[in-house]
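Visitor:
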Amino acid sequence: MKTILRGLLIASLLGAGAISAIIGRSESQQHSLVFAMQVASGAQKLYEAGQYEIARKALEEQLEATPDSLIVQRELAMQLAATGQVEAAVQHLEKVLDLDSDDAAAAAVLGRMLLKLGDISEAERWQRRAVELQPENGMHHLALARTLLKQQHPEEALTSARNAVRLAPGVAEAHILLALASRSVEDEPAARAALEDALAIDPDNVEASNALAEGFDLQPND
Amino acid sequence: MLLFIVVCGVILACYAWALIVVDPQQPIWWTRQVLLLCLVVAAIAGRSLVGFHPVTRPKHPIWHPALPYFLIVLAAILPYMPSLRVGFLSDDFGLAWAAREADSALDAMTSEAFISFFRPIPLLLWWIGDRVWHGNSLGYHVLSLLVHTVNSILVFLLGRRLIGSVLGGLLAALVFAIHPLHIEPVTWLAANSDLLCTSFCLASLLALERRLATNTTRFAGILASLTFFILALFSKEAAFALPAIAILRLALDERPGIRARLRTVGGAYLVVLLAYGAFRFSILRGIGGYSLPLSFWNTVFPSQPLLVIGDFFFPIHTTLFSHEFNRWLQYVIAGLMAAAGLWWMIALHRVPGRRLWLWLGFLFLASVPTWLFRWQGSAALEWSRFAYLPTIGLCWLFGDLYAARGQNRRGAFPAFVILVGLIVLTLWYQTPWIRATRLANETIAAGVSLVTQLTTSAGPPSLYVADLPQEIHGAPVFANCYPQALNLATGQFITTQVVSERPRAGIHPDVMAATPLRPGEYLVSWDAQKGDLRIIRTGTSRSALISPEEMP
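Sequence lines, in order, name chains A and B.
Counted the way our numbering counts, the first sequence spans residues 376 to 597.
Counted the way our numbering counts, the second sequence spans residues 188 to 739.
(1) How many angstroms separate the CA atom of Ala-418 of chain A from the CA atom of Val-208 of chain B?
(2) Ala-386 of chain A CB to nearest chain B CB: under 9 Å?
(3) How far does the alpha helix (DSSP H) with Tyr-463 of chain B in it reach, from first residue to last?
(4) Please list, in chain order, all residues of the same chain as Leu-451 of chain A whose beta carbon is under 6 Å from its beta carbon, the five residues on each side excluded.
(5) Which residues of chain A have a Cβ atom closer than 9 Å to the Cβ of Phe-680 of chain B, listed in chain order?
(6) Out of B:Phe-501, B:Ser-303, B:Leu-190 and B:Ile-659, which one is the CA nearest neighbour of Leu-523 of chain B?
(7) Of the residues B:Tyr-651, B:Ala-253 and B:Ala-700, which one's Cα is nearest the Cα of Ile-722 of chain B?
(8) Which residues in the same chain have their Cβ closer than 8 Å to the Cβ of Leu-392 of chain B, if we skip the five residues on either side of it in sequence?
(9) If contact means a Cβ-Cβ distance below 9 Å, which residues of the segment 492 to 511 of chain A contact chain B?
(10) State the start and end residues of the unbroken alpha helix (DSSP H) segment that holds Gln-220 of chain B.
(11) Do you know offhand how far Gly-355 of chain B's Cα is from Val-242 of chain B's?
(12) Listing by chain order, which chain A residues have their CB less than 7 Å from the CB of His-510 of chain B?
(13) Going by DSSP, what residues sit across from Leu-650 of chain B in a beta bridge?
(14) Beta-carbon separation of Ile-520 of chain B and Ala-553 of chain B under 9 Å?
(15) Let me know if Pro-663 of chain B comes out buried or exposed under the rule of 16 or more other beta-carbons within 10 Å of its beta-carbon.
(16) Taking 9 Å as the CB-CB limit, is Pro-442 of chain A close to chain B?
(17) Taking the alpha carbon of Ala-400 of chain B as the reference point, which residue from B:Ala-360, B:Ile-259, B:Arg-541 and B:Arg-348 has its own alpha carbon closest?
(18) Quick one, which of B:Gly-444, B:Ala-390, B:Ile-409 and B:Cys-388 has its alpha-carbon nearest Arg-398 of chain B's?
(19) Residues of chain A with CB under 7 Å from Gly-233 of chain B, in chain order?
(20) Looking at chain B, is there any beta carbon in it that lies within less than 9 Å of the beta carbon of Asp-577 of chain A?
(21) Ignoring anything shorter than 4 residues, give me the alpha helix (DSSP H) runs that lie fully in the segment 267 to 304 of chain B, in order along the chain.
(22) Bridge partners for Asp-714 of chain B per DSSP, in chain order?
(23) Does Ala-520 of chain A have its Cβ less than 9 Å from a Cβ in chain B?
(24) Just checking my contact of Ala-591 of chain B with Ala-653 of chain B at CB under 8 Å: how many whole Å lie between their CB atoms?
(25) What's the C-alpha gap between Glu-736 of chain B and Ala-482 of chain A?
(26) Can you list, in chain order, the residues of its chain whose CB lies under 7 Å from that of Ser-728 of chain B, leaving out five sequence neighbours each side?
(27) Please classify Arg-504 of chain A as buried or exposed, where buried requires at least 16 other C-beta atoms within 10 Å of its C-beta.
(28) In chain A, which residues lie with their C-beta within 7 Å of the C-beta of Arg-442 of chain B?
(29) Give the secondary structure of Thr-458 of chain A by DSSP, where H, G and I count as helix, E and B as strand, and everything else as coil.
(30) For Pro-564 of chain A, name the three-state secondary structure that DSSP assigns.
(31) According to DSSP, which residues form a beta bridge with Arg-558 of chain A?
(32) Check for me: the alpha helix (DSSP H) holding Gly-351 of chain B runs from which residue to which?
(33) Our contact map puts Gln-502 of chain A next to Ala-518 of chain A with C-beta atoms below 8 Å; I'd like the distance itself, whole angstroms only.
(34) Using DSSP bridges, identify the partner residues of Ala-662 of chain B.
(35) Of all Cβ atoms in chain A, is any one closer than 9 Å to the Cβ of Pro-214 of chain B?
(36) Taking the alpha-carbon positions, what's the Cys-201 of chain B to Val-194 of chain B distance?
Pasting the structure below:
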């Protein structure tokens with residue numbers, strides 16, 4: 376009996392050793408990824424709870440430990456962009472896109488941030504990249520159309536705005552941009568129809584109702 | 188003995204390490220359960236190998252008979268004072284609204300608020316609370332604290348009898364009262380069913396103990412036990428493990444004539460259980476409860492009781508720890524907890540084997556009702572309420588170990604350190620619940636403001652609400668009960684639907700995207716940055732479809 380009990384003791388020790396070896400092996404392979412995921416997920420929850428500074432600090436500390444962690448880099452970039460820290464957001468978004476050049480959302484946000492900084496040509500480049508990666512997302516076309524209008528490329532802007540309206544018919548802003556693009560190619564009836572569509576979706580849209588009342592005095596927003 | 192200490196020490200150290208590095212999302216999440224199984228096997232084998240070495244127990248000085256009660260009341264109430272600041276959260280809103288809508292007590296008890304469950308007694312208390320203190324959350328919190336205090340006293344009374352030591356029973360009750368694993372049932376009002384079920388289960392066992400002590404054989408002797416058992420079943424279905432616990436208790440008693448009553452007592456409990464099962468089936472038209480997929484880890488392998496053991500010895504709230512401490516400090520704290528665990532293990536040979544089986548059996552049997560639940564929670568996280576009843580077995584083990592070895596100051600010091608450490612953790616772990624309350628109040632205030640703003644002569648608006656905060660560090664905020672929260676706050680019925688990707692929590696965003704809004708309907712989203720609800724879509728006569736990716 377004593378031998379069996381000793382055997383059980385040794386077996387449980389060996390079992391614990393084997394399990395620890397499995398954890399250790401997995402840990403060395405996934406340590407950075409898993410812990411980074413924990414931090415990114417925790418930071419997201421902190422952000423949602425309105426604790427932006429604590430979330431940012433946690434992400435920055437984790438980035439010091441694992442500078443190549445895409446998930447942490449991305450979360451930090453998105454939080455910086457959402458809190459209006461444009462220059463810092465641009466820096467981190469560029470790193471995100473270095474690590475994963477197929478991240479359409481990051482490309483779109485980078486385009487938006489660059490537009491805020493006034494770098495229109497770079498903004499256009501990233502917005503085109505977002506459209507290329509996610510051609511079915513109407514919001515990417517919408518952002519590109521806005522930039523193209525700013526760059527005085529009415530024909531291209533019109534194509535993008537039409538794509539935006541086709542893919543996101545429920546977004547009033549897409550119709551307003553179509554109106555702007557139509558007006559820039561001097562197609563007044565199309566512009567009026569697009570504004571009426573925008574008002575049908577959002578009857579309280581001040582921009583569209585003023586434009587209709589005051590003869591299309593519209594300027595593209597940032 | 189040395190081999191036993193070394194093996195248990197190594198396994199505890201491995202578990203402490205695994206607790207910090209293994210995330211429940213990892214493919215190797217099951218390793219924690221297996222390590223705990225190794226620990227239990229080692230403890231049983233080692234204890235059997237070492238044998239029982241009783242010590243003469245000196246009479247511990249208890250200055251006054253009322254002193255234990257005084258200490259227990261303090262321990263059960265003072266660490267939970269912050270919980271009085273916690274308001275309604277998540278399911279609380281649903282229960283409070285159902286109580287308000289009920290026309291009578293009977294109507295409240297058969298409320299359809301949570302149709303999968305049959306818990307008339309907690310629902311009755313919600314109704315009484317609505318009528319007596321007008322649904323104020325403070326009133327319910329005072330009630331929960333009172334029930335928790337009563338439970339702690341019952342743990343003392345039963346522990347004193349089962350352990351045979353006043354000090355052992357007192358220590359068990361103190362650990363039960365302050366353990367951070369019990370924050371959820373004490374702090375979250377919707378979990379009052381766990382508190383009540385535990386009260387009645389313990390009262391039933393205490394009545395049984397008293398009858399065994401008087402050595403009566405009449406059936407009337409166990410009538411009180413059965414009455415409390417019925418009340419426990421009507422509080423929460425988790426009480427169905429009680430007959431097995433009572434049978435185990437009788438089977439492990441060496442006194443002459445006790446085991447002879449096994450058939451009578453066990454039979455009476457089982458008859459009540461069968462009658463309850465038939466009644467429940469007729470009410471719910473089925474078994475009720477959560478519908479869960481069966482799998483090896485939540486059906487065959489005893490994950491639930493093993494994780495209760497793990498969280499009892501290592502009450503680490505991983506999310507809070509990872510935000511507040513660096514990894515090395517987490518290792519230090521987990522190491523201290525492992526040392527405390529080893530202190531327990533070393534004393535196992537001072538406790539008689541039958542009692543050890545009783546404590547372990549209580550833990551495993553009380554876990555059976557939630558055994559089928561895929562429980563991966565840890566201290567203060569959602570689901571830790573399921574550990575409230577099973578942990579009593581471990582609390583009695585703590586008291587028994589202390590009574591066996593705590594005869595001098597050297598023995599008293601570790602117990603004192605453990606108790607102080609548990610109080611600190613219990614106070615700290617309540618902070619997410621207070622934050623969750625603040626966030627819930629902000630979200631409700633924004634909803635009320637929006638409803639006021641959008642109300643027209645045609646009536647209040649209909650809202651689809653997306654991106655609601657779900658939880659903060661394990662403390663629930665809303666789940667699917669935001670509509671009832673808005674109803675309670677506005678005092679009227681507002682047609683509200685939650686938009687959420689979580690199953691059973693509302694309309695899925697994909698379905699919402701394909702849902703045209705009619706005039707008077709609004710899709711709104713919680714903007715965490717601004718702390719306000721913003722309108723995403725307004726209902727018009729024409730359908731407006733947006734895919735979730737396109738939502739600004």
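We put the CB at the ideal spot given by N, CA and C, even for glycine.
Guide: Considering the structure as presented:
(1) Roughly 18 Å separates the two Cα atoms.
(2) Put simply, the CB of Ala-386 of chain A is near chain B, with a gap under 9 Å to one of its CB atoms.
(3) For Tyr-463 of chain B, the enclosing alpha helix (DSSP H) covers residues 449 to 471.
(4) Counting only residues of its own chain and dropping the five nearest sequence neighbours on each side, Leu-451 of chain A has a CB closer than 6 Å to the CB of Leu-434 and His-467.
(5) Within chain A, no C-beta atom comes less than 9 Å from the C-beta of Phe-680 of chain B; the nearest is roughly 26 Å away.
(6) Closest by alpha carbon: B:Phe-501.
(7) The candidate whose alpha carbon is nearest that of Ile-722 of chain B is B:Tyr-651.
(8) In its chain, beyond the 5 residues on either side, Leu-345, Ser-412, Leu-429, Ile-432, Ala-433 and Arg-436 have a beta carbon closer than 8 Å to the beta carbon of Leu-392 of chain B.
(9) Going along the segment 492 to 511 of chain A in chain order, one finds Gln-509 and Glu-511 with a Cβ nearer than 9 Å to chain B.
(10) In the DSSP annotation of this structure, the continuous segment of the alpha helix (DSSP H) that includes Gln-220 of chain B starts and ends at 218 to 237.
(11) CA-CA distance, Gly-355 of chain B to Val-242 of chain B, rounds to 14 Å.
(12) The contacting residues are Gly-417 and Ala-433.
(13) DSSP output for Leu-650 of chain B lists B:Thr-683 and B:Tyr-709 as bridge partner(s).
(14) No, they are not a contact pair.
(15) The residue in question, Pro-663 of chain B, is buried, as its Cβ has 16 or more Cβ neighbours within 10 Å.
(16) It does not; no Cβ of chain B falls within 9 Å.
(17) Of B:Ala-360, B:Ile-259, B:Arg-541 and B:Arg-348, the residue nearest in Cα terms is B:Arg-348.
(18) For the residues B:Gly-444, B:Ala-390, B:Ile-409 and B:Cys-388, the minimum Cα distance to Arg-398 of chain B belongs to B:Ile-409.
(19) Going along chain A in sequence order, the residues near Gly-233 of chain B (Cβ under 7 Å) are Leu-384.
(20) Any Cβ of chain B closer than 9 Å to the Cβ of Asp-577 of chain A would place that residue at the interface, and such an atom is present.
(21) As for any alpha helix (DSSP H) of minimum length 4 sitting wholly inside the segment 267 to 304 of chain B, the runs are 278 to 288 and 292 to 296, ordered along the chain.
(22) Answer by DSSP bridge pairing, in chain order: B:Asp-719.
(23) In terms of beta-carbon proximity, Ala-520 of chain A stays away from the interface with chain B, with every pair separated by 9 Å or more.
(24) Their Cβ separation, rounded to whole angstroms, is 57 Å, which puts Ala-591 of chain B and Ala-653 of chain B out of contact at 8 Å.
(25) With a pLDDT of 44 at Glu-736 of chain B, under the threshold of 50, the predicted position of this residue should be treated as unreliable, though the coordinate-derived value follows. For Glu-736 of chain B and Ala-482 of chain A, the distance between alpha carbons rounds to 15 Å.
(26) Because Ser-728 of chain B carries a pLDDT of 38, less than 50, the predicted location of this residue cannot be relied on, and the following value inherits that uncertainty. Contacts found: Pro-706.
(27) By the beta-carbon neighbour count (other beta carbons within 10 angstroms, threshold 16), Arg-504 of chain A is buried.
(28) By Cβ distance, chain A contributes nothing, its closest Cβ being about 27 Å from Arg-442 of chain B, past 7 Å.
(29) Here Thr-458 of chain A sits in coil by DSSP.
(30) Helix at Pro-564 of chain A.
(31) None; Arg-558 of chain A has no bridge partner.
(32) Gly-351 of chain B -> no alpha helix (DSSP H), and no H or E assigned at all.
(33) At roughly 5 Å, the Cβ-Cβ gap stays under 8 Å, so Gln-502 of chain A and Ala-518 of chain A are in contact.
(34) Among the bridge pairs identified by DSSP, Ala-662 of chain B is matched with B:Ile-659.
(35) Put simply, the CB of Pro-214 of chain B is near chain A, with a gap under 9 Å to one of its CB atoms.
(36) When rounded, the distance between both Cα atoms is 11 Å.
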